[in-house]
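Just add 358 to the spot in the sequence shown (first one is 1) and you have our numbering.
Heads up, the beta-carbon is just placed ideally off N, CA and C, and yes, glycines get one too.
One structure is given below, encoded as structure tokens.
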Amino acid sequence: MSLDRSDVEQIAHLARLQIDAADIDSYSDSLNSILSLVDQMQATNTEGVEPLAHPLDAVQRLRADEVTETNQREALQAVAPATEEGLFLVPKVIE
359 MSLDRSDVEQ
369 IAHLARLQID
379 AADIDSYSDS
389 LNSILSLVDQ
399 MQATNTEGVE
409 PLAHPLDAVQ
419 RLRADEVTET
429 NQREALQAVA
439 PATEEGLFLV
449 PKVIE
């Protein structure tokens, strides 16, 4: 697939881009090289290739799920204007 000048102008119009008339040819060349690369990639034989979740066979090391902070609820709620049964009370903003 090859794009000409009118195709690039139409794409720019649809994308709401303002392109100088002098730059249309360079945009056309760039877009044509991208489309050529896509055509090349689509022509690759992928028969029997399993899809990957990640290109590298890496495993994320996870830290141990441990509590690292002490419970400070009483100290924090002691300075709150209103609390009830361990919860902060806030004014209703949506009716």
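Nearest-angstrom Cα separation, counted from residue j out to residue i
i, j, result
"valine 396", "leucine 420", "37 Å"
"threonine 441", "leucine 447", "5 Å"
"aspartate 365", "glutamine 418", "45 Å"
"glutamine 467", "leucine 445", "The requested residue 467 does not occur in the structure, where the chain is confined to residues 359 to 453."
"histidine 371", "tyrosine 385", "14 Å"
Minimum C-alpha distance to residue i - residue among the options
i, options, result
"leucine 393", "Ala433, Ser360, Val437", "Ser360"
Residues of its chain near residue i, where Cβ-Cβ distance is below 7 Å and the 5 sequence neighbours each way are ignored
i, result
"isoleucine 382", "Arg363, Val366, Glu367"
"arginine 431", "Gly444"
Can you give, in chain order, each stretch of the alpha helix (DSSP H) that sits fully within the segment 402 to 450 and has at least 4 residues?
-> 431 to 436
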